[in-house]
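To start, the structure under review is shown below, and the notes come after it.
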Amino acid sequence: MATRMLLTAVLIAAAPAARAAAPVKVTSVEEKGGKLFIHATAKPEFTVFKLSGPPRVVIDLNEGDVSAAVQGGESAGHHSIHRAGIAGWSAAQFDERGVRVGRIVVALEGDQKYDVAVEGSDLVLSVGEDKPQAPEADPDLVLSREDVQEVKNPAHRLGRISVGEIDGTARVFVKADGEIGKLGILELKNPARLALDLHGVRGRFAKAPGVLLVKGVRVGKTEDGARVVIDGAGATMPKYLISRVADGLEVVVGERAPLVEQKRSPAANPAAEAAVEPEAARMAAAPKLVPVRAVDLRTIENRTEVLVALDQAVRFEVSRPEATTSVLTLHGVDLPDRLERNLDASSLGGPVTMLSSYRVPGGSDVKVVATVAKGTLDELTAQKGTLVWKFGGPKPVAQATTPAPRAAAMASEARAAASQTNVYDASNYSGRKVDFNVKDIDIKNLLGAIAEISKKNIIVADDVKGTVTIKLRNVPWDQALDIVLKSKGLGREDIGNIIRVAPIETLRAEQKSAAEAYRNRQAAEPLKVRLIPVNYARAEQLTAQLKDALTERGTVSVDSRTNTLIVKDVQEALLRAEGIIRNLDTQTPEVLIEARIVEAATSFSRQAGIQWGGNVNLAPTFGNATGLIFPNILAVAGAADDPSAPTGGLQGVNQPNFAVNMPAPIGLNSGGGLGFVFGSAGGAANLNLRLSAAEASGTIKTISSPRVVTVDNVDASISQGVSIPFSQTSAAGVATNFIEARLELRVTPHVTQEGSIQMKISATNNQPNPQLTGSNGQPSISRREARTEVLVRDGETTVIGGIYTRRNSEAWNEVPVLSKIPVLGWLFKKKAVSDDRTELLVFITPRIVNRSQSIVAAAPSAGDEGK
Numbered sequence: 000m001a002t003r004m005l006l007t008a009v010l011i012a013a014a015p016a017a018r019a020a021a022p023v024k025v026t027s028v029e030e031k032g033g034k035l036f037i038h039a040t041a042k043p044e045f046t047v048f049k050l051s052g053p054p055r056v057v058i059d060l061n062e063g064d065v066s067a068a069v070q071g072g073e074s075a076g077h078h079s080i081h082r083a084g085i086a087g088w089s090a091a092q093f094d095e096r097g098v099r100v101g102r103i104v105v106a107l108e109g110d111q112k113y114d115v116a117v118e119g120s121d122l123v124l125s126v127g128e129d130k131p132q133a134p135e136a137d138p139d140l141v142l143s144r145e146d147v148q149e150v151k152n153p154a155h156r157l158g159r160i161s162v163g164e165i166d167g168t169a170r171v172f173v174k175a176d177g178e179i180g181k182l183g184i185l186e187l188k189n190p191a192r193l194a195l196d197l198h199g200v201r202g203r204f205a206k207a208p209g210v211l212l213v214k215g216v217r218v219g220k221t222e223d224g225a226r227v228v229i230d231g232a233g234a235t236m237p238k239y240l241i242s243r244v245a246d247g248l249e250v251v252v253g254e255r256a257p258l259v260e261q262k263r264s265p266a267a268n269p270a271a272e273a274a275v276e277p278e279a280a281r282m283a284a285a286p287k288l289v290p291v292r293a294v295d296l297r298t299i300e301n302r303t304e305v306l307v308a309l310d311q312a313v314r315f316e317v318s319r320p321e322a323t324t325s326v327l328t329l330h331g332v333d334l335p336d337r338l339e340r341n342l343d344a345s346s347l348g349g350p351v352t353m354l355s356s357y358r359v360p361g362g363s364d365v366k367v368v369a370t371v372a373k374g375t376l377d378e379l380t381a382q383k384g385t386l387v388w389k390f391g392g393p394k395p396v397a398q399a400t401t402p403a404p405r406a407a408a409m410a411s412e413a414r415a416a417a418s419q420t421n422v423y424d425a426s427n428y429s430g431r432k433v434d435f436n437v438k439d440i441d442i443k444n445l446l447g448a449i450a451e452i453s454k455k456n457i458i459v460a461d462d463v464k465g466t467v468t469i470k471l472r473n474v475p476w477d478q479a480l481d482i483v484l485k486s487k488g489l490g491r492e493d494i495g496n497i498i499r500v501a502p503i504e505t506l507r508a509e510q511k512s513a514a515e516a517y518r519n520r521q522a523a524e525p526l527k528v529r530l531i532p533v534n535y536a537r538a539e540q541l542t543a544q545l546k547d548a549l550t551e552r553g554t555v556s557v558d559s560r561t562n563t564l565i566v567k568d569v570q571e572a573l574l575r576a577e578g579i580i581r582n583l584d585t586q587t588p589e590v591l592i593e594a595r596i597v598e599a600a601t602s603f604s605r606q607a608g609i610q611w612g613g614n615v616n617l618a619p620t621f622g623n624a625t626g627l628i629f630p631n632i633l634a635v636a637g638a639a640d641d642p643s644a645p646t647g648g649l650q651g652v653n654q655p656n657f658a659v660n661m662p663a664p665i666g667l668n669s670g671g672g673l674g675f676v677f678g679s680a681g682g683a684a685n686l687n688l689r690l691s692a693a694e695a696s697g698t699i700k701t702i703s704s705p706r707v708v709t710v711d712n713v714d715a716s717i718s719q720g721v722s723i724p725f726s727q728t729s730a731a732g733v734a735t736n737f738i739e740a741r742l743e744l745r746v747t748p749h750v751t752q753e754g755s756i757q758m759k760i761s762a763t764n765n766q767p768n769p770q771l772t773g774s775n776g777q778p779s780i781s782r783r784e785a786r787t788e789v790l791v792r793d794g795e796t797t798v799i800g801g802i803y804t805r806r807n808s809e810a811w812n813e814v815p816v817l818s819k820i821p822v823l824g825w826l827f828k829k830k831a832v833s834d835d836r837t838e839l840l841v842f843i844t845p846r847i848v849n850r851s852q853s854i855v856a857a858a859p860s861a862g863d864e865g866k
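First residue of the sequence shown? That's 0 in numbering that gives the first Met the number 0, and the numbers climb one at a time after it.
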């Protein structure tokens, strides 16, 4: 199902939009009937994909507006649900390439399949496989149950099956290499048969003939062990007795099956005698375990709250085995695999740095272990099916300095610290508000009145005596109770719907005694050794993180040759240490950073120039003398000549005598020109005219694409270029220095928990510029450089900087006054126009190469029971 939706999302994303999507407004998001409904004003266009670490489904609505859904919730942040496989949801609004996108992120409670469907104008998200209809009950089923018992020497291999007859009963002995811990019992009728599932025990196909009421015994294999089937002789099984022994199981079948264990015949059991405890033949079905729906952690300012969601009340114990560890033990509960994990909360800045939840092997208990800072106190309360475990300090509302284990149905911690000052914050109370105005009332009578108001059962110790005068108005009853107890030096202990009131000294003494007993039990617990291999980190670097997780008796050492941690401690601490190592020993994220440095330049220039001049001679040699005594000879010629001035087009003119000499730069592959020569008969007058014009335009585009791979928080660089020598003369002689002209990318990435990449980037593209040289002909260096720090999502591209320049010029070369004459002024001026544009853009695209391997996933801390 999820694969189909991913394929659909890819096709939707790849198809070009035929038209602009109509605006869609999300009005609300709600969970109903195990599905998440996203209500919108119109049928939405959407893209859906799934992310992991943690698992979540991302739904992007094209032209969607989710602001109303965000404002309609409790806050603009995460909305918790914890039902039907959905942990919660959050919404965000952003624009992508000019398109408004509304994003809804749905957090899942595990790596599950999902489906998104459109129903009218709503989107409906369903998580998990469609639940099949409950199969009809098997009419031949008589009994089905699982029996689990903790054993010291669990069996792993099945041996010989023997059947014997003693005192009119059939006895079946199932031999194994140890004790049977987890046993499944299935009784069927028509025909009669009793199936025993031995979990974790390997066996082979075998058969044994029966006696009396046992028709035969056969052995088969199951997915996780072996099944022994005892076939009865009739339609229903007669009475039977199942007993665990040191080397297997013994089943007694018959009407005269004894209620206590009897001695087996040598034929039935060739092994040595072992003391056994009889079990009821038809044991009642084991009590149903209460499922744990969620184990969440949240930190607000300097306080941390651990929320444990349950379906109903359970027994639990809270203990503080050491100053930095608090343990919550839940009895008769079932912890799903997705919640058997370790949560690293060290980055949240709260008093809890690590939270571990796991099943206790061989039983129905679950432990939630919090690693806290020294001096942290905790309080546990029940709120509508949820255990709220609060951590703070140094003066929480109801936590003794030496906590003790105790069992209660959804109970709160004993409020033995009620006499402390500044501990009553009105926001911590939610009881019905009451008024009191009494004088010298017996405190027991006042407590009875509070019991009537609160509908609680209050038990008062015999040594609680005295009177109290109280005048309170509009105060919650629970706050009034705490104030009364504080004024009389009393404390309280909440046990379900019962409040026990006693002097603080009595409660503290009880806690101290219970804590001492707990420490004594822990001190008597044997130490075990666990070898924890470290794959990616250096083992010696992780020893510091384990010190707070171990008890005072625990030790940790390092085998440098195999990079293995050797931990010695009690079983609970070993599980906690292994969970910490599994979370920390992960692949360091590897990041590929690709940069694109794009340079674009356009240029345009145009020049129009003119050259003209000549000479006029009045002299007798030319036959045109002035006829005057003075001046008798007159000669006029242009004076703007330059030996380097171009004279192309003026045929036969050696001396052009230019009066105006403003040519445009023309020549090979550049512009054009035209020359005119006018002369009189006899050469007395000559006029030379040369017109020139040039225009040039060009476009340049350069793309440089350096890329480099590095690991998280490690600087990396790549460069390519040339070293240009520069000579420098001094008294010591000639020294040659090299100046680098190169393309270089330098970056330091950091991968965040959500999968984004934070980078410190330095991108430079320095190239030699031969158009601008030094005194010795060395080219100058054109520098282009960008330095910044950005946060980019995995696989996305961002522009980290750009430079745009434009140089527009218009130049005139003129002869004064004459150039201002209309029309004729063009004979006395030159015009040059230029327009140059350059643009530089730097793009960065990061990608996490080993994303799936480097995600810090919460793994279960599976113990091997001291192997």
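All C-beta atoms, glycine included, are put in the ideal place defined by N, C-alpha and C.
In this text the structure is predicted, and so the values were computed from the model without any measurement.
Proximity below 7 Å, CB of residue i to CB of residue j
i       : j       : result
Phe-435 : Ile-469 : yes
Ala-234 : Asn-189 : yes
Val-459 : Leu-446 : yes
Arg-226 : Gly-215 : no
Ala-693 : Pro-655 : no
Ala-658 : Asn-616 : no
Ser-669 : Phe-603 : no
Leu-506 : Gly-488 : no
Ala-576 : Leu-530 : no
Ala-369 : Ser-325 : yes
Selection from the options that minimises the alpha carbon distance to residue i
i       : options                               : result
Ser-691 : Gln-650, Gln-770, Gln-757 and Gln-606 : Gln-606
Asn-764 : Ser-125, Leu-744 and Met-758          : Leu-744
Ala-639 : Tyr-357, Asn-660 and Asn-631          : Asn-660
Leu-296 : Thr-324, Gly-253 and Leu-354          : Leu-354
Val-200 : Val-210, Leu-248 and Lys-214          : Leu-248
Leu-541 : Gly-224, Ile-579, Glu-753 and Ile-665 : Ile-579
Asn-152 : Val-162, Glu-145 and Asp-176          : Asp-176
Val-210 : Lys-181, Gly-87 and Thr-168           : Thr-168
Ile-80  : Lys-49, Val-100 and Glu-29            : Glu-29
Leu-742 : Ala-191, Ser-761 and Glu-753          : Ser-761
Ala-523 : Asp-64, Ser-66, Val-569 and Gly-331   : Val-569
Residue i versus residue j: straight-line alpha-carbon distance, rounded
i       : j       : result
Gly-671 : Ser-703 : 37 Å
Gly-612 : Arg-805 : 38 Å
Ala-75  : Trp-476 : Note that Ala-75 has pLDDT 43, beneath the 50 cutoff, so the model's placement of it is unreliable and the number below is only indicative. Answer to the nearest angstrom: the Cα atoms are 33 Å apart.
Thr-375 : Ala-293 : 24 Å
Tyr-113 : Ile-494 : 41 Å
Leu-574 : Ala-508 : 32 Å
Gly-231 : Phe-172 : 16 Å
Ile-457 : Lys-366 : 30 Å
Ser-345 : Asn-582 : 12 Å
Ser-556 : Leu-35  : 50 Å
Glu-304 : Asp-377 : 9 Å
Thr-466 : Lys-438 : 8 Å
Arg-836 : Ala-600 : 5 Å
Leu-338 : Leu-471 : 45 Å
Boundaries (first-last residue) of the alpha helix (DSSP H) holding residue i
i       : result
Gly-447 : 442 to 453
Trp-476 : 476 to 486
Gln-521 : 503 to 523
Where the beta strand (DSSP E) through residue i begins and ends
i       : result
Thr-385 : 385 to 391
Lys-527 : 527 to 532
* Can you check the region 288 to 340 for any beta strand (DSSP E) of at least 3 residues that lies completely inside it and give the ranges in chain order? => The region 288 to 340 contains these whole beta strand (DSSP E) runs: 289 to 299, 302 to 309, 314 to 321 and 324 to 330.
* Start-end ranges of the alpha helix (DSSP H) lying completely within the region 808 to 854, minimum 4 residues -> Unbroken alpha helix (DSSP H) stretches of 4 residues or longer found wholly inside the region 808 to 854: 850 to 853, given in chain order.
* Write down every uninterrupted run of the beta strand (DSSP E) in the region 679 to 766 whose length is 3 residues or greater and which is fully enclosed by it, in chain order. => Qualifying beta strand (DSSP E) stretches, in chain order: 684 to 703, 706 to 710, 715 to 729, 732 to 750 and 755 to 764.
* To do: Mind listing, in chain order, the continuous alpha helix (DSSP H) runs of no fewer than 4 residues lying wholly within the region 534 to 591?
  => The qualifying runs are 542 to 546 and 570 to 583.
* To do: Scan the region 215 to 253 and note each continuous beta strand (DSSP E) run of 3 residues or more that stays entirely inside, going in chain order.
  => Within the region 215 to 253, the runs of beta strand (DSSP E) that reach at least 3 residues and sit entirely inside it are, in chain order, 224 to 231, 239 to 244 and 247 to 252.
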